[in-house]
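What follows is one structure encoded as structure tokens, with my remarks underneath.
In our numbering, the protein residues as written are 4 to 1083.
What follows is the structure in structure tokens.
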């Protein structure tokens, strides 16, 4: 057995810290296994073999941090103790020495990860809930521990081992570790990772390259698993073959090559030569100055104290900037953030290039710099703080009076360094803007990078300096500092520190809007930073008192003033805070179902008319709703009780229900109203109510209820009162339902269920008032607008529409055109003019196609309104007469870029066709397959219009993109036929649905498909609630023969792949990639 290895292993096993670290890692693993809820797909359990492998691969990222810390401690131990200068005199071969060192280093790293995974297994075994499946199989954990834990540990250790023994610079070992992390995350962007779903979809070629090049194997894991069904992912491990096998073998061989290279390049004499060179330089500089010595009167005043602080800072910065570390870290940061910027601009095969605005660049920096900045700060501070101790100079330094200012000097130097890194990233963002020819620079966006990243990093540096100052061991201080990264400021801080005021080191993951900037988050963040500054200053004061054994009055007074100011700012920051209580929410849902489920079978009135006034106060992030419902008993039974539900997010200011002469006041958000005189069939009652809403930065805003200073959007009908039992309030988790004795959750109505008719459309009169300079867009046709008392008023009206309406408000530029008696209006931000004319032309094209093939347009106007990026979750959404489009999605995209993806054509075709398919003229029944009547038909219209604008070959290229999306998603949920698809599987209703409808047009012709759709509209209008089988029956009616009907069934009623039969043009699309296939 190797003596070096035995010595290192024996030393570690006898140290108490080894066992403490092992216990901490097991504890962290238990927390991860018990608390992490990273679902990879609908119907895939958290303890399925697939998810276990995915989580093990993600957790293997920490191997980089283990290996980096252990390298600094273990691999540089001989160098730190100066023992390396005499190693050559021992009877050791290079092979024996390096083997011993590597075995100890690798074993320590791999065992650390194994302890973490042991805790993860325990944590998962402690979990309960419907997301966990029964049974335990240790193989499901050992298999990914080998393919990810063992091989990734081997690769990382061999890479850092090479740097440590060839370059022999600690800083470059840290840079190497960071480089691996950056490379890992960049590869993950292009890997079809569920963790990086925002980057999807990527082309098949990109995914294949990622699968080969990913040093950590996750991309290969996803690639190998892409054809497995959700059921297979729940019961079997991902096969160790194909891309996964090749990737793991490749990096095993690379690891072996790195170790061989280390052996060839290492030399015992390399250190001795450097020592001799340094000694020679020292002798040259040691000439004696024979001038007379004179005494100097010491001056310890504030000026010299200030100079000493600057001297310490200057010494640190000279050391850092003259070393290779700062340039290396700068290049690393520029590469990492640059790749992220590129990925944000170039959005893959589905979406076109984004314009490289300052907001996009700044948001990308903020999203990615923070964690890297934390790790950089931890190492640089550990290095500069302990540098004098490592060199032995601290004995002299600490004997001087002004050495007490050393900590402040370190703080200034790291602050300067963080400003430097932030500055070069901002310059890089501006260069990207210039490269993409988007020259408008918004300095407010870039200032946010300092507020949301640099200042929290500086505060965190203050804490790290205290950790290094109080812990007497360099490597223990480094380990505690890294632990602090994850506990108080990293990804886990939200769970470990639930009270938002105390997350003073956290960053901001929000967006920047050209409508609204950072909104109220900017000022709120500054308030929390001031609170954090007060806390850190008090900690520094206490540390100083402990060190010098007395209370410095001036510094202490300043710290106390900062703390008082911080507390005041913290109180303002917490204004309006509403703590989240998931347990209470579950209890409320259970009580609601138990108390009110009886109303599911009791007759309830329907809302037939709504007259409402919505008062918007964007500058206060608030609005008020005043509304009146007309409630009509459309059943054949008298109604004795009415269940009225108000949304708990809104304040109920007043509510009154009137039934004849009877008036009942409502005070609670959920109220049973008992009527003294029953509401007879055909009779009406009224409900008058006043509601208000205001949000605060501490709670965050709701994406679909975003009342902001400029660019507001609210799906406001969601927040209006509802009548009767609301199934949406039911608990979905089956185990929780059993716990509360609620019985089984009612299944969604089958597609084959009997026909339904229900009169639940409304007549809507909506008056919206907003602040001066803003325009409010509502639902329906605008019938009047005026200004009064510094506010703008808009009145909208719509008859016989589903209970679904929305509102936006912003300072808009407007472009309008009257086309065939229909007013087309585009409301947009003044800087986002690039696609306005193209959208107008495509709106005309869509109207022509839909009017000709499907029937009349039900309104006098169509409004396209751009909204702030504070609203997320869709590229565009259609309401009766209005389409709302977030600024950061497809409306403001560079459709003239290299791939020429005309998403404006898709937006107009898809969203405007919803005025025929689902937003107005039909209202599908809530059953399986309802989305086929809305999204699938809108996708068909979108594809036909794309073909009309760009030709069939271009359309088939878009179908190929949708095939890629479908292939990426199909293994993450149960595969079901299109006619049974729900909103939970958009890859079926959108992507596969688009392909099925295009193939249907190939089978029977576009004209016959359109005839069937027109007949479907005419035969299924309100009050009928159609289902997907009604649509398929219309397809049967225009099918020429039984064989074609069977093919229609194959398209919509089975899960078979879709094969196109349209001839040469389609065949050319098929041939583009054998692996992507020519089928769905």
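C-beta: ideal position from N, C-alpha, C; glycine also.
Segment contact, 8 Å Cβ cut-off, at least three pairs: the region 888 to 895 with the region 435 to 448: No: the two stretches stay apart, fewer than three of their Cβ pairs being nearer than 8 Å.
Between the CA atoms of residue 341 and residue 846 - distance to the nearest angstrom: 37 Å
The beta strand (DSSP E) enclosing residue 435, as first and last residue numbers: That residue, residue 435, is in no beta strand (DSSP E); its alpha helix (DSSP H) goes 409 to 438.
First through last residue of the alpha helix (DSSP H) which encompasses residue 813: First-last for residue 813: 810 to 813, but that is the beta strand (DSSP E), not the alpha helix (DSSP H).
Contact between the region 962 to 976 and the region 39 to 55 (3+ Cβ pairs under 8 Å): yes
As assigned by DSSP and simplified to three states, the class of residue 932: coil
Residue 576 beta carbon less than 8 Å from that of residue 625: no
Residue 876 classed as buried or exposed, judged by whether at least 16 other C-beta atoms fall within 10 angstroms: exposed
DSSP three-state assignment for residue 772, whether helix, strand or coil: strand
Residue 927, DSSP secondary structure in three states: coil
C-alpha gap between residue 12 and residue 78, whole angstroms: 13 Å
Segment contact flag, the region 822 to 834 with the region 792 to 799, C-beta cutoff 8 Å, min 3 pairs: no
Run of the alpha helix (DSSP H) containing residue 577, from where it starts to where it stops: Counting along the chain, residue 577 falls outside any alpha helix (DSSP H), and DSSP gives it neither H nor E.
Extent of the continuous beta strand (DSSP E) to which residue 778 belongs: Taken as a continuous stretch (DSSP letters only), the beta strand (DSSP E) holding residue 778 covers 778 to 780.
Nearest-angstrom Cα separation, counted from residue 400 out to residue 313: 15 Å
Which of helix, strand or coil DSSP assigns to residue 157: helix
Whole-angstrom C-beta distance between residue 421 and residue 451, which should lie under 8 Å: With 8 Å as the limit, residue 451 and residue 421 do not qualify as a contact, their Cβ atoms being about 15 Å apart.
Where the alpha helix (DSSP H) through residue 799 begins and ends: Premise fails: residue 799 lies in the beta strand (DSSP E), 794 to 804, not in any alpha helix (DSSP H).
The beta strand (DSSP E) enclosing residue 631, as first and last residue numbers: 625 to 635
Cα-Cα separation between residue 785 and residue 767, rounded to whole angstroms: So the two alpha carbons sit approximately 12 Å from each other.
Three-state secondary structure assigned by DSSP to residue 613: strand
Sequence-distant residues of its chain with Cβ nearer than 7 Å to residue 482 (five each side left out): For residue 482, where only same-chain residues beyond five positions count, the Cβ hits under 7 Å are 72.
Beta-carbon proximity of residue 609 to residue 637, cut-off 8 Å: It is a contact, given that the beta carbons lie within the stated cut-off.
Classification of residue 6 by the beta-carbon crowding that lies within 10 angstroms, buried from 16 upward: exposed
Residue span of the beta strand (DSSP E) that contains residue 694, given as start and end: 687 to 697
Beta-carbon proximity of residue 871 to residue 707, cut-off 8 Å: no
Within 8 Å, strictly: CB atoms of residue 100 and residue 240: no
First through last residue of the alpha helix (DSSP H) which encompasses residue 52: 52 to 62
Proximity winner among 698, 408, 387, relative to residue 523 (alpha-carbon distances): 698
C-beta atoms of residue 880 and residue 912 nearer than 8 Å: no
Other residues of its chain near residue 155: CB distance less than 6 Å, five sequence neighbours each side excluded: If we look at residue 155 and ignore the five residues flanking it on each side, its Cβ neighbours are 63, 66, 219.
Three CB pairs or more closer than 8 Å across the region 472 to 487 and the region 563 to 583: no
Beta carbon of residue 935 nearer than 8 Å to that of residue 996: yes
Of the residues 618, 889, 695, 679, the one placed nearest residue 653, counting alpha carbons only: Residue 653 has its Cα closest to that of 695, out of 618, 889, 695, 679.
Local conformation of residue 520 per DSSP, three classes: strand
Nearest-angstrom Cα separation, counted from residue 588 out to residue 692: A direct Cα-Cα distance of roughly 25 Å separates residue 692 from residue 588.
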